[in-house]
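Worksheet: one structure, shown below.
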Amino acid sequence: MATFAALTGQEVDKKQLADSVNVLPALVSDNAMPLRESLVLIPRKPSHVAVRKGKWMYIPAQGSGGFTGKPPAHGAGGPAAVSFVGSENSDIENGKIKKAAPRAQLYDLEADLSQTTNLYHQNPEVVQQMEALLRTYRPTEATSTGGEKRKRGQR
Numbered sequence: 041m042a043t044f045a046a047l048t049g050q051e052v053d054k055k056q057l058a059d060s061v062n063v064l065p066a067l068v069s070d071n072a073m074p075l076r077e078s079l080v081l082i083p084r085k086p087s088h089v090a091v092r093k094g095k096w097m098y099i100p101a102q103g104s105g106g107f108t109g110k111p112p113a114h115g116a117g118g119p120a121a122v123s124f125v126g127s128e129n130s131d132i133e134n135g136k137i138k139k140a141a142p143r144a145q146l147y148d149l150e151a152d153l154s155q156t157t158n159l160y161h162q163n164p165e166v167v168q169q170m171e172a173l174l175r176t177y178r179p180t181e182a183t184s185t186g187g188e189k190r191k192r193g194q195r
């Protein structure tokens, strides 16, 4: 919505743009500057809504976020598939999440693009920053109702 507002020169209440980013500069400029400092990734499970900022990827829960299945299809994704596909992860052993694994996941994507080593316990200050950042993206009344409070059944 922010891009179309900018394209047409329309003024829009910021509350209505709470979850919108104006990408027009990226479309019409040669400038290679990023449009945003962070990126939210939304998997199948809401508990695993993740955020990336700079080199850090933060996932606020254990596991795959919904890329799993029931046996025998469970080998297609999630912790059970880690060894099956020849991958590794510091939180997973024999296809299961370790009991001592951290409650969430933090990865340094510059050093570990495949997300094999969870750095949650080694970087508590980064975890706190990423948790705070992720809280800023949680749905608000403005994002869930288009900026207006509506009664049930009203469109």
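Counting from 41, one number per residue, gives the positions in the sequence shown under our numbering.
Here a beta-carbon is modelled for each residue, glycine too, at the ideal position from N, C-alpha and C.
Residue i to residue j span [Cα, whole Å]
i    : j    : result
L64  : L81  : 21 Å
S69  : K93  : 23 Å
K54  : S60  : 9 Å
T147 : L47  : Reading off the sequence shown, one finds Tyr at residue 147, where the question assumed Thr. Using only the alpha carbons, I get a separation of about 37 Å.
L79  : V91  : 6 Å
R84  : I99  : 13 Å
V52  : Y177 : 20 Å
E165 : N158 : 14 Å
K139 : Q169 : 25 Å
D152 : M41  : 35 Å
G105 : L67  : 32 Å
P74  : A141 : 34 Å
Neighbourhood of residue i by C-beta, 6 Å cutoff - its chain only, sequence neighbours within 5 removed
i    : result
T43  : N62, V63 and L64
S127 : none
Q50  : none
Given residue i as reference, the closest of the options once Cα atoms are compared
i    : options                  : result
G135 : I99, P83 and G103        : G103
E171 : N71, L67, H88 and P74    : H88
R175 : I137, N158, P86 and D131 : P86
Contacting residues, own chain, Cβ-Cβ under 7 Å from residue i (five flanking each side not counted)
i   : result
R24 : Within the shown structure, residues of the chain are numbered from 41 to 195, placing residue 24 beyond reach of any answer.
E77 : K93
N71 : P65
Same chain only: Cβ atoms within 8 Å of residue i, ignoring 5 sequence neighbours per side
i    : result
L149 : R92, K95, W96, M97 and Q155
V167 : Y98, A144, L146 and Y160
I137 : Q102, G103, P119 and D131
Hey, which unbroken runs of the beta strand (DSSP E) at 3 residues or more fall wholly within the segment 41-113? Runs of beta strand (DSSP E) with 3 or more residues, each lying fully within the segment 41-113, are found at 78-81, 90-93 and 96-99, listed in chain order.
Mind pulling the beta strand (DSSP E) runs of 3 or more residues that sit fully within the segment 145-176? As far as the segment 145-176 is concerned, its whole beta strand (DSSP E) runs of at least 3 residues are 145-148.
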